[in-house]
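Structure, as structure tokens:
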Amino acid sequence: MNQIPPTPAAAPPERVRRTFRLDELGIAPENLRAAEPPDEGVAGLAETIAAAGVLQPLTVRPGRGRKEMAAMVLDGRRRLLALRRLRSEGRLAGDYPVDAYVETDPARHAAAVLLTNTALPVHVADVITTIGRMLRAKLTPRQVSAALGYAEVEVRRLAALAALPDAALEALRHGRLNTRQLRLLARLTDRKQQAEIAQAALDGFGFQEWRVAEQLDRGRVSERDPRFALVGAAAYAEAGGRTETDLFGERPAVLQDPAILQAVWADRAVGIAETLAADGRVVQVCGEAVAPDPALQPLGHPWGMGLDAAGLEAWRASTAAAQRARDGLEGVDLAAAEGRAAVSAFLAARLAADQAAEPGRRATLVQLTPDERTGLALTAWGPAAEGQDDEGGEPPGEADSAAAAGDACDPRFAAAAPTGAPIAAAPDAQLAGVGHALHAVRTDVATRALVRGLADDPEAALVALAARLFCVVVLRSGCSRGGGALAIDAVPYSRLGTAPIEALDGDVRRRLADRRAAWEMSGLSPIAWVARLDADSRLALLAELVGLSLDLREERTSALRRQARAEAAEIAALCGLDVGRRWTPDVGFLSAHPKGLLLAMLDDMGAPAAGLAALRKPELVEAVARAAAERCWAPAFLSWKRLGEPAAGPEGEDAAAAALSQAAR
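Just so we're aligned, residue 6 is where the sequence shown starts under the numbering used here, counting upward by one.
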């Protein structure tokens with residue numbers, strides 16, 4: 006059956022733009038307000054037109070017959086009334102040119118009458134230019150505000166944008182800059198620099214918001230300074246401190262007298278510090294926690310490991326009390342007297358918890374540093390525990406490790422050459438833009454992640470331990486002498502000065518602390534106690550011990566431990582490690598990364614990064630942490646994934662893990 010093709014709709018007639026003399030214009034009778042007298046705002050509109058002209062053309066139709074003007078206004082009645090007012094005052098002549106769109110189609114006549122605006126909307130760049138003209142015509146911001154119907158503060162903001170170089174507004178018209186970027190540019194004081202940046206954007210070279218933001222923040226102290234939480238605006242102003250607010254209301258107020266801020270903060274911090282000075286303890290108020298004596302090490306990091314049942318209970322109680330004190334600071338004005346008292350109580354509880362974590366060490370030094378959320382943060386230091394060494398040196402390379410292991414082997418095998426066991430392909434280290442310090446942080450967190458992953462998978466831990474025994478006993482590779490019946494040396498993983506991560510190795514330490522308490526309650530020897538455990542409990546204990554014995558941290562990008570990396574990749578596949586299920590990057594971890602890598606993380610997790618490049622680094626860090634938490638995302642390198650290797654599936658075990666698990670069985 007033949008179908009008749011539909012007749013294409015006729016294209017709407019093009020709008021014709023013409024210029025009429027003022028005397029040729031009349032108000033069309035079909036205009037809904039044709040008979041209404043001029044309202045009070047017409048006078049202000051007249052002043053606006055006198056200063057800047059008619060920004061938006063009128064919409065007219067041709068006149069009909071002898072009783073109508075040459076052009077009858079369908080949309081723009083108030084503009085025409087304002088023009089007539091200026092003519093009656095002698096400020097405009099009858100031949101004043103007025104732009105208008107001429108509509109000839111009846112349907113569009115009706116649309117122009119019913120709709121208040123059929124013309125193209127005024128571009129914001131034109132509004133900014135117009136306000137600049139009005140101010141140059143000696144109108145005050147208040148008069149401009151009344152004429153345009155804008156708030157006065159908005160007029161002042163647009164006036165600041167009007168003072169920018171012409172290239173900036175032209176870039177705005179062409180979409181090369183947006184209004185947020187324009188406001189950022191307006192904050193720069195160097196007009197030559199403004200012009201250069203605007204011209205570069207207009208030429209298509211982009212606009213690096215973060216560079217401008219960093220320049221604006223350089224050398225400035227704002228209300229986001231952590232000291233300000235303890236000082237407050239009232240005390241700062243009372244001491245003579247001056248504050249500069251941001252015209253656009255987008256950036257924190259700048260404190261123009263940082264010396265006054267420091268003086269008030271130090272006075273209040275010292276007052277709180279006096280409440281903690283007891284038992285010969287030294288309390289210092291400083292900018293950051295740094296041990297002045299290398300022999301001192303921070304307290305509070307074992308997380309209950311090594312405590313007996315009574316000590317474990319005391320540590321748990323003091324830790325819970327410190328958390329309650331911290332929670333009590335939420336929503337409290339820390340600068341008020343009551344708030345400072347709450348801060349003092351929190352610090353005392355925090356110190357008690359750190360001391361309870363290691364009752365065998367006494368806190369001899371306490372340092373208080375500024376903190377935005379709690380007013381002050383506390384770090385307790387004490388002499389190192391007996392047998393605990395400083396870790397200042399660089400870790401030995403694989404060759405050094407093999408040599409050291411050879412010396413520790415049984416003398417009967419000293420003459421035998423060590424067997425070179427084949428190793429799996431090691432995951433590539435992601436070193437682009439990464440320095441030594443950041444590499445140490447990343448491998449440290451990756452180690453803690455694998456500690457948790459292995460501790461949660463007893464079968465994988467059993468395989469890893471059996472492989473280690475095979476290497477030590479059979480292959481004579483990397484052997485070392487321990488102090489027990491088995492010649493295996495295991496040391497709980499730790500990093501000097503760095504607390505455990507609660508959701509990762511911290512959870513494993515808590516489990517082992519509970520097991521120690523259970524063993525003490527049994528009254529049995531360790532071997533007898535372990536022998537009485539059921540099979541699942543023994544495997545879980547083994548997994549926790551093996552997991553905590555991992556050490557994959559690398560101090561420098563030039564000291565990669567490739568064999569350890571290869572084993573880590575295999576172990577991670579065995580236990581189906583997916584760090585994001587248990588932990589997502591927090592502020593402490595992300596703060597060690599430069600802004601470029603933070604933005605790359607947003608891209609990797611598929612989070613929108615528009616506008617975030619202009620944020621200060623602390624704000625960007627918090628934004629990345631929130632995005633990662635919402636998506637349960639963690640970088641692939643923390644799960645010891647090789648480049649291009651897919652993430653673990655919903656069941657926590659990908660194809661590689663399944664293959665290894667099958668081989669293990």
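For every residue, glycine included, the Cβ atom is placed at its ideal position computed from N, Cα and C.
**Message:** Does Q261 come out as helix, strand or coil in the three-state DSSP assignment?
**Reply:** DSSP places Q261 in coil when its eight states are reduced to three.
**Request:** Keeping to the same chain, check which residues put their C-beta closer than 7 Å to that of P62; ignore five residues upstream and five downstream.
**Result:** R22, D104, A105, Y106, A124
**Request:** Give the straight-line distance between the Cα atoms of G344 and A218, rounded to the nearest whole angstrom.
**Result:** Approximately 33 Å, taken between the alpha carbons.
**Request:** Tell me whether D131 sits in a helix, a strand or coil according to DSSP, three-state version.
**Result:** helix
**Message:** Three Cβ pairs or more, each shorter than 8 Å: is that satisfied between the segment 34 to 45 and the segment 70 to 87?
**Reply:** yes
**Request:** Locate the beta strand (DSSP E) running through R22, then write down its first and last residues.
**Result:** 21 to 26
**Asked** When we look at the beta-carbon of P505 and count the other beta-carbons within 10 Å, is it buried (16 or more) or exposed?
**Response** It counts as buried.
**Message:** Here's a check: name, in chain order, each residue in its chain whose Cβ is nearer than 8 Å to the Cβ of D313, leaving out the five neighbours to either side.
**Reply:** Around D313: R521, A522, E525.
**Message:** Taking 7 Å as the limit between beta carbons, can you name the residues of its chain near A577, skipping five residues before and five after?
**Reply:** The beta carbon of A577 lies closer than 7 Å to those of L455, G458, S644, W645 in the same chain, with the five residues before and after it left out.
**Asked** By a C-beta neighbour count over all protein chains shown, 10 Å radius and 16 as the cutoff for buried, is E243 buried or exposed?
**Response** By the neighbour-count rule (16 or more Cβ atoms within 10 Å), E243 is not buried but exposed.
**Request:** Decide yes or no for the touch test of the segment 221 to 236 against the segment 365 to 382: beta carbon pairs closer than 8 Å, at least 3 of them.
**Result:** By the Cβ rule, the segment 221 to 236 counts as touching the segment 365 to 382, because three or more pairs are nearer than 8 Å.
**Message:** Check whether the segment 345 to 359 and the segment 325 to 336 are in contact - that is, three or more C-beta pairs closer than 8 Å.
**Reply:** yes
**Message:** Residues in the same chain with beta-carbon distance under 8 Å from L266, minus the five sequence neighbours each way, listed in chain order, please.
**Reply:** V226, D230, R232, F233, V236, Y241, G246, L260
**Request:** Evaluate G180 with the Cβ neighbour count: other Cβ atoms within 10 Å of its Cβ, from every protein chain shown; 16 or more gives buried, anything less gives exposed.
**Result:** Residue burial annotation: G180 is exposed, with fewer than 16 other C-beta atoms found within 10 angstroms of its C-beta.
**Asked** Of all the options P599, R558, V551, which has the alpha carbon lying nearest to the alpha carbon of E624?
**Response** P599
**Prompt:** Between A569 and the rest of its own chain, which residues show a CB-CB distance below 7 Å, the 5 nearest in sequence each way excluded?
**Reply:** L557
**Request:** Could you give the DSSP three-state label for T123: helix, strand or coil?
**Result:** With a pLDDT of only 39 at T123, under 50, the local geometry of the prediction cannot be trusted, and the value read off the model is given with reservation. Three-state result, T123: coil.
**Message:** Any contact between the segment 602 to 613 and the segment 622 to 636? By contact I mean 3 or more CB pairs, one from each, below 8 Å.
**Reply:** yes
**Prompt:** Among the residues of its own chain, which have a CB less than 7 Å from the CB of V551, if the five just before and after it don't count?
**Reply:** L459, A466, A469, L470
**Message:** Can you give me the C-alpha to C-alpha distance between T24 and H128, rounded to a whole angstrom?
**Reply:** 21 Å
**Asked** What are the partner residues of S530, as DSSP defines its beta bridges?
**Response** In DSSP, S530 forms no bridge with anything.
**Prompt:** Any idea what DSSP makes of M139, helix, strand or coil?
**Reply:** helix
**Message:** Measuring alpha carbon to alpha carbon, tell me which residue in D462, Q302, R367 is nearest G543.
**Reply:** Correcting the residue identity first, residue 543 is Arg in this sequence and not Gly. Answer by Cα proximity: D462.
**Prompt:** I think L174 touches T134, with their Cβ atoms under 8 Å apart; what is that distance to the nearest whole Å?
**Reply:** 6 Å
**Prompt:** Cβ of W308 within 7 Å of Cβ of G511?
**Reply:** yes
**Asked** With which residues is V107 paired in a DSSP beta bridge?
**Response** V21, V65
**Message:** Could you give the first and the last residue of the continuous beta strand (DSSP E) run that contains M610?
**Reply:** Premise fails: M610 is in no beta strand (DSSP E) and is neither H nor E.
**Asked** With burial defined as no fewer than 16 other Cβ atoms inside 10 Å of the residue's Cβ, what is the status of Q372: buried or exposed?
**Response** buried
**Prompt:** Can you give the Cα-Cα distance for P297 and A628, rounded to whole angstroms?
**Reply:** Distance between the alpha carbons of P297 and A628: 34 Å.
**Asked** Which partner residues of T384 appear in the DSSP bridge assignment?
**Response** Per DSSP, the beta bridge partners of T384 are Q372.
**Request:** Kindly identify the DSSP beta-bridge partner or partners of A76.
**Result:** L30, P67
**Request:** In angstroms with no decimal places, state the Cα-to-Cα distance between R2 and K72.
**Result:** Given that the chain is displayed from residue 6 to residue 670, the structure contains no residue 2 and the question cannot be resolved.
**Item:** Whole-angstrom distance between Q289 and A548, CA atom to CA atom
**Value:** 42 Å
**Item:** Same chain, Cβ closer than 6 Å to R20, five either side skipped, listed in chain order
**Value:** Y106
**Message:** So the candidates are E464, D171, D262; which of them puts its Cα closest to the Cα of D541?
**Reply:** E464
**Prompt:** Looking at the structure shown, is L467 part of a helix, part of a strand, or coil, going by DSSP?
**Reply:** helix
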